[in-house]
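J.: I'd like to ask you about the structure that follows.
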Amino acid sequence: MPRLSSRTALILFIVLVVIAFAQAIWWVVFMAILVDEKVDIARDLGASPEMVQMIQEQETRRQIMVGLEGTFFLILLLVGAWLIYRALVKAEELKFHQENFIMAVTHELKTPLASMLVSLDSMASPRIPEDKKQTLVPRMKDDIRRLERIIENVLQAGRLDRDGQPIELQPTDLSRLVERSIDRLSGFSSPVPVTINRDIEPEVMIMADQAALTRAIEAVLENSLKYHDGQQVEVTVKLTTTDSKVMLSITDKGIGLSREDCETVFERFYRVGNELTRRSTGTGLGLYLAREVIRAHKGTIAARSEGEGKGATFEITLPSGVHE
838 MPRLSSRTAL ILFIVLVVIA FAQAIWWVVF MAILVDEKVD IARDLGASPE
888 MVQMIQEQET RRQIMVGLEG TFFLILLLVG AWLIYRALVK AEELKFHQEN
938 FIMAVTHELK TPLASMLVSL DSMASPRIPE DKKQTLVPRM KDDIRRLERI
988 IENVLQAGRL DRDGQPIELQ PTDLSRLVER SIDRLSGFSS PVPVTINRDI
1038 EPEVMIMADQ AALTRAIEAV LENSLKYHDG QQVEVTVKLT TTDSKVMLSI
1088 TDKGIGLSRE DCETVFERFY RVGNELTRRS TGTGLGLYLA REVIRAHKGT
1138 IAARSEGEGK GATFEITLPS GVHE
């Protein structure tokens, strides 16, 4: 069966609305003509003025009743058509993001596998010096860890659909957790200089699942590191507290986000741009999983940007304090 595009669905919806309104207008006009004809017949048959007026009032009330019922069903029809149209558009968007996701995962899996294959071939070659071979081991470990992260993200997304996001809360020093995450990502592989500025309030205690929250924060931080402007990577991480909330902001000076992207960047499979032309790595699951983890902690995450090319800020808000 041929698949409707969102544009075709919109055209069909507009045509249906025009037809429905035209039919409603024709029905009102037809009923008005019918009332006039009945009144004229009554007059021709010699009915008294009182009888003619009574017939006219009865037909007018009947016309109003039928008109109200018709309007109600017309509204139901239009609402139903709108819901169907929105469902078609959502299905098209989901299909597009899934196709992007498949291409992204394929690329993400092929790259470290190809790198490991080259490294293994080099280690097996007698012409490669032993000291050079030893330098390949850390690279292969990085490729394996990259594969592990991709697989874990895909599995975690599947578990979310089935079981939600399970968390085990315990007292956590968020300041130390954020510092360790920054330290791990400070060696981020990039063709341009990388600078991570820190403004971390010390000893910020919250109730958290340390492993899950670490993955979420590192996903947001890694996202800010990846989408740079091609000249440099500069990210500022700021952690502050109020009486009841903890605010973690991660600000970059990268490619920025449009207003629409700020709303949709946390959706599953969503990535800015097209997989065929995108330079950055990723599967479109990192920010989605981060949002679900933060929601499970009764927190919020939001993206702000002044526009494309003007950088972006991701703000994470969590409840502060600890309890037994």
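Quick note on the working numbering: the sequence shown kicks off at 838 and runs consecutively.
Glycine included, each C-beta is placed from N, C-alpha and C at the ideal position.
As the structure is a prediction and not an experimental result, all values here were calculated from the model.
Could you tell me whether the stretch 862-870 touches the stretch 901-915, using the rule of 3 or more Cβ pairs below 8 Å?
T.: yes
J.: My understanding is that Ala1139 touches Ala1149, with C-beta atoms under 8 Å, so please give their C-beta distance in whole angstroms.
T.: About 11 Å; that fails the 8 Å criterion.
J.: On the premise that His1134 lies in contact with Ala1045, defined as a C-beta separation below 8 Å, what is that separation, rounded to the nearest angstrom?
T.: Contact between Ala1045 and His1134 is confirmed by a C-beta separation of about 6 Å, below the 8 Å threshold.
J.: Using alpha carbons as the reference points, say which of Thr1154, Val1070, Val1130 lies closest to Asp1080.
T.: Thr1154
J.: Measure the C-alpha to C-alpha separation of Gly917 and Asp873 and round it to an integer number of angstroms.
T.: Cα to Cα, the separation comes out at about 35 Å.
J.: Considering only C-alpha positions, which residue in the set Arg1052, Ile1019, Ala1048, Val1070 is nearest to Leu1006?
T.: Ala1048
J.: Consult DSSP for Lys1082 and reduce its assignment to one of helix, strand or coil.
T.: strand
J.: Checking 8 Å against the spacing of the C-beta atoms, do Val1083 and Ser1157 come in under that value?
T.: yes
J.: If you check the beta carbons only, do Val1031 and Thr1078 fall under 8 Å apart?
T.: no
J.: Relative to the alpha-carbon of Leu911, which residue among Ala857, Trp919, Thr948, Ile939 has its alpha-carbon at the smallest distance?
T.: Of the listed residues, the one whose Cα sits closest to Leu911 is Ala857.
J.: Between Ile1033 and Ser1023, how many whole angstroms is the CB-CB distance? I'm expecting something under 8 Å.
T.: 6 Å
J.: Who are the Cβ neighbours of Gly1136 in its own chain at under 6 Å, not counting the five residues just before and after it?
T.: Thr1154, Leu1155
J.: When you compare only the Cα positions, how much space is there between Asp979 and Leu920?
T.: 47 Å
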